[in-house]
Structures are given as C-alpha cells and as structure tokens.
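These notes concern the structure reproduced below.
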C-alpha cells in the first residue's frame with residue numbers, strides 16, 4: 222500500500238509532462254501538415270542535390286565486361 226503513495230504522484234507527474242509536451246507540439250505547429258512528409262519520398266531530388274558517384278581509377282580497370 223505504501224508503494225501506491227509513491228507511484229501515484231510520480232505517474233501523475235509523468236502524465237502531466239506528456240500532456241505538456243503534446244500541447245507544446247500542437248501549438249508550435251508540429252501537426253499542421255501530416256500529408257506532405259509522407260509524399261516527399263516519392264518526389265525526385267533536384268539535379269544539383271544528387272550525390273555523385275566517385276570512381277577511383279582502379280575501379281574502372283577492374284570492372285568486368287558484363288558490368289559495362
């Protein structure tokens with residue numbers, strides 16, 4: 222029974238902390254646009270932002286005929 226006196230206030234404090242974090246996230250606009258991030262993976266990167274493949278001089282000589 223004495224554990225309840227300790228755990229109940231701690232659980233209420235944790236619940237209030239999560240509620241405060243949720244309210245802060247809603248007010249700061251974290252949930253404004255929920256559709257665009259899911260669709261962003263489907264769009265192509267602009268040509269300037271694509272990483273280039275760096276080939277060493279050795280890698281060109283060691284490629285087999287079927288890879289060319």
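Residue numbers (our numbering): 222 to 289. For each residue, glycine too, the CB sits at the ideal point set by N, CA and C. These figures come from a predicted structure and were not determined experimentally.
Residue i (DSSP reduced to helix, strand or coil)
i: residue 232; result: helix
Rounded separation between residue i and residue j - CA only
i: residue 233; j: residue 247; result: 21 Å
i: residue 241; j: residue 235; result: 10 Å
i: residue 262; j: residue 244; result: 28 Å
i: residue 238; j: residue 250; result: 19 Å
i: residue 268; j: residue 255; result: 26 Å
i: residue 260; j: residue 253; result: 15 Å
i: residue 266; j: residue 274; result: 16 Å
(message) Quick check for students: name the residue ranges of the alpha helix (DSSP H) that lie wholly in the segment 241-277, counting only runs of 4 or more.
(response) List check, alpha helix (DSSP H) in window: 257-260.
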